[in-house]
Amino acid sequence: CSCQVTCQSLGICCRDYNEFCLQISPYSGSLMGGKDILIENTAFNTSVIMCRFKKKIKTSGYVGKDGKAHCISPLLYETGFIHFEVSTDDGLTFPYSGTWLSVHHSKVPDGEKCTLVNETKWQYYGTHNIDGNLTLTWTHQALTATHINIEVWGYQETGDSYSENWFAKWEYLYTLARETPNTGTFSFIPVPAKANYSTWDFGILRITPSTYSDGQSNTPSIWSSEHALAWHLGEDFRNDPIAWATAKCLEWDRKEEKLPNFLEEIIDCPCTLSQARADTGRFHTDYGCDIEKGSVCTYHPGAVHCVRAIQASPVYAAGQQCCYDSTGAQILTQDSTGGSTPDRGHDWGSPPFMKPPRIPGFSHWLYDVISFYYCCLWSDNCHFYMKNRPSSDCRTYRPPQAASAFGDPHFLTFDGLNFTFKGQGEYMLVESDLTSLRVQGRTQQAHFPNGTEAQVTGLSAVAMQENNSDVIEVRYSEDLNLEVLLNQKVVNFSEQRWMDLKGLFLHSTADQKITVMFSSGSGVQIRGSGGFLTLTVLLPDKFMNHTQGLFGVMNGNTEDEYTFKNKTTISVNASPQQLFEFGANWAVENGTSLFTYDTEFLLNNFFYGEKHNTSFLPVFFPYEDPADPLVKEMVLVCESDPFCRFDVLTTRSLQVGNFTRLSHQNHKQLVENLKPVISCGWLDHPTNGRKDGTNYLLGSTIHFICNQGYELIGSKEIICQVTGVWSGDIPNCILRTGLTNDGTAPKHLLSSLVLSLLI
């Protein structure tokens, strides 16, 4: 039976659809595996089943007393939706199928992991004055067993770096506790591990029912967070942790010198906090330093917010991090230990995953986190770490261009032109030959929750794809609920708000702001606004001269904004009727449509009907009657916003007008935040001197002061100029004539001075 999900709403599923197309709960879990997956919609007449993930990874399943089947998720080295199948004939056939969402281990809810009580103590155990009991807690109901084993696992990547024989592996090391009652808590005093295990300094704990053998794979499990295994390291660490960590830091430094320089290919940071938070197609909040959650920035003192580059670098799969202070300026490691540090391994991993350094979370830990413990936390050698992980400044950063559509629908193009197109149908908003990016919009006649209908249209659905990525559609359902579809199937965000998908990342906030981040760095943001969708598209500057559609040709020139498919243009002063013809020209065809037609209404009105409804005649010029009581209220709500006033008059709704006003304001603020900023680049302090100032953007002034006994040669202060070059001469501090290196007069001069005074 085909598991095409649209058959359900259309009522055309084959009779055994619910039997063979599996619905599961939960639908997601850690890539570490061990999650018990309930198959909700099918009962089996057998006691033993086999589950197979990715056509090759087999795990044992079971059938409960209620006849419902369960699979155990496997250890994976990737994130995203994973196809799985079920067999009831010992693996001869696998007729049942579904999908499982494998997620980054840090995105698993804390309640599903065992907790390292006072995690800092675990990760510093054996260093100065850190000893005593360690305690582990967990939700004991998560495992049905009466007794459990607690295991230690280690992670390593072996082989030749950046070659085909470079492999990642989680390995069972030893059992910490066996046949322990499943009470939800366990305390112990750590002892140094045996010699063959003590070299493993990064790992994880696993709790399993004691009925399973030591290290048995793909069993029901509760995992801890990944962490530095200080508590299990050998006697050499316990005896002198600083010396041990220093040796490890120096060894890491030597290895780094032999590895390729990934810094040359990572994207530069945005210059300001405003830019960093606005460039949502390429940067996303680093949850370890989030201004919206109180700016608890443990590893970046002085910062209020950090972001990470969403996409890993193309060759080395490296990551970028950018941190900012309370003034919105970037913090650099050259000035402060709170500065941002790039990553040899991107924290979120990188497709196609599976091999180093692309393993989500764990490659990053191995190359960028445990080394931070060696150099910065367990010893005082942080200068080695900062040498290999220096902050990137923003001299080559170019902000993206933004285009938006909202209200009845008003379009603001990449080049800054605005117009209103009130067609009813499905249209190409933007497409690009650079990456085969397509963003399509569906407009429908406005229906409001109070049941009223207006002779206006608004965005009701947006569908998008880039190259051969997954297709994402965001739409209002017929009952005005906001839905997100992944390849025609409605996405459930109840367990995960961030999803790693094919060719894109998908994120939903608690208030249903949907962000799609494509691998090219292009970003799409959508949110519901009073019955209409508000859409923003962000494109990096590499898309210059590579776009067409209702959002125009992105090239900084508004004169060619209204370009038809045949490349002819009309004037920027075109009438609303001419703009109506321009919009109609960009109607999509069924062969290129990305939309889902899973209801009779959508089939009849958009699939079989006209892609541009020629019989729908909108209001082009709404009349503003001074005697209309709504006009007085409109002026108070809209003030001078023309789009707000237009929508109040056409919809007779102050609420719709206010949503339009807010959407327009948000767009203008976004464009303001994304304005290019000139940077003159980082400046070092002079030898034997210091500098005052760490802001290197246009208009900033840096002051220089020499140490006592030294004289400043060059400019005492320099200013960042509009050319991106510092004014004046970079200063030097030279020893004053007749003084020693410590700034005092030589002894023979002092003796002569004393003698002359005596005389």
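Under the UniProt record's numbering, the residue at position 257 of the sequence shown is numbered 257, and the numbers go up by one with no gaps. From the three backbone atoms N, C-alpha and C, an ideal C-beta is built for every residue, glycine too. Since the structure is predicted, the reported quantities are computational estimates derived from the model, not experimental observations.
{"Item": "Simplified DSSP state of SER9, which is helix, strand or coil", "Value": "helix"}
{"Item": "Cutoff 6 Å; reference THR208; Cβ partners in own chain excluding five residues on either side", "Value": "ASN149, THR219, SER221"}
{"Item": "Through-space distance from THR46 to ALA228, alpha-carbon basis", "Value": "44 Å"}
{"Item": "Assigned secondary structure, GLY61 (DSSP; H/G/I helix, E/B strand, else coil)", "Value": "strand"}
{"Item": "Span of the beta strand (DSSP E), counted from its first residue to its last, around PHE188", "Value": "185-188"}
{"Item": "Contact set for SER9: own chain, Cβ-Cβ below 7 Å, skip 5 residues either direction", "Value": "ASP598, THR599"}
{"Item": "Contiguous alpha helix (DSSP H) assignments of at least 4 residues, all confined to the UniProt domain \"AMOP\" (241-389)", "Value": "241-258, 273-278, 382-388"}
{"Item": "Local conformation of residue 762 per DSSP, three classes", "Value": "Since the first and last residues shown for the chain are 1 and 759, residue 762 lies out of range."}
{"Item": "For PHE186 and ALA177, believed in contact at Cβ under 8 Å, the rounded distance", "Value": "6 Å"}
{"Item": "Alpha carbon of ASN590 to alpha carbon of THR457, nearest angstrom", "Value": "21 Å"}
{"Item": "Contact between the segment 262-281 and the segment 317-328 (3+ Cβ pairs under 8 Å)", "Value": "yes"}
{"Item": "Where PRO746 sits in the DSSP three-state scheme", "Value": "At PRO746 the pLDDT is 49, less than 50, meaning the model places this residue with poor confidence and gives no usable figure here."}
{"Item": "Beta bridge counterpart(s) of SER102 as assigned by DSSP", "Value": "GLY29, GLY80"}
{"Item": "Top-ranked residue by Cα proximity to PRO390, from GLU292, PHE411, LEU332, GLY609", "Value": "LEU332"}
{"Item": "Per DSSP, cross-strand counterpart(s) of THR536", "Value": "SER404, GLN525"}
{"Item": "Buried or exposed by the 16-neighbour rule on C-beta atoms within 10 Å, applied to residue 760", "Value": "In this structure the chain extends from 1 to 759, so residue 760 is not present and cannot be described."}
{"Item": "Contact set for ASN695: own chain, Cβ-Cβ below 6 Å, skip 5 residues either direction", "Value": "ALA329"}
{"Item": "Rounded C-alpha distance that separates ASN196 from GLY154", "Value": "12 Å"}
{"Item": "CB contact flag (residue 762, GLU171, <8 Å)", "Value": "With the chain covering only 1 through 759, there is no way to say anything about residue 762."}
{"Item": "Residue from ALA461, ASN468, SER469, ASN467 with nearest C-alpha to LEU480", "Value": "ALA461"}
{"Item": "Rounded straight-line distance, which links the Cα of ALA142 to that of GLU112", "Value": "8 Å"}
{"Item": "C-beta atoms of GLY132 and SER73 nearer than 8 Å", "Value": "no"}
{"Item": "For TRP200, the residue or residues it bridges with in DSSP", "Value": "In DSSP, TRP200 forms no bridge with anything."}
{"Item": "beta-carbon THR534 near the ligand MN non-hydrogen atom, thresh 7 Å", "Value": "With respect to the ligand MN, the structure shown offers nothing to examine, as it has no ligands at all."}
{"Item": "Own chain residues within Cβ distance below 7 Å of HIS346, not counting five before or after", "Value": "ALA312, ALA317, ALA318, GLY319, HIS364"}
{"Item": "Which residues DSSP lists as bridging TRP726, in chain order", "Value": "CYS720"}
{"Item": "Endpoints, beta strand (DSSP E) assigned at ALA177", "Value": "166-181"}
{"Item": "Unbroken alpha helix (DSSP H) run spanning LYS632, endpoints", "Value": "629-638"}
{"Item": "Spatial neighbours of ILE759 in its chain, beta-carbon cut-off 7 Å, leaving aside the 5 residues before and after", "Value": "Legend: pLDDT at ILE759 = 36, less than 50; position of this residue unreliable, no value from coordinates given."}
{"Item": "Exposure label - THR93; buried when at least 16 CB within 10 Å", "Value": "exposed"}
{"Item": "Alpha carbon of SER102 to alpha carbon of LYS54, nearest angstrom", "Value": "12 Å"}
{"Item": "Contacts around GLY521, its chain only, beta-carbon distance under 6 Å, and the 5 residues preceding and following it disregarded", "Value": "GLY281, ARG282, PRO540"}
{"Item": "Inter-stretch contact at 8 Å, needing at least 3 Cβ pairs: the segment 241-261 / the segment 276-296", "Value": "no"}
{"Item": "At least 3 beta-carbon pairs within less than 8 Å: the segment 296-305 vs the segment 250-262", "Value": "no"}
{"Item": "For SER529 and ASP684, the rounded distance between their alpha carbons", "Value": "49 Å"}
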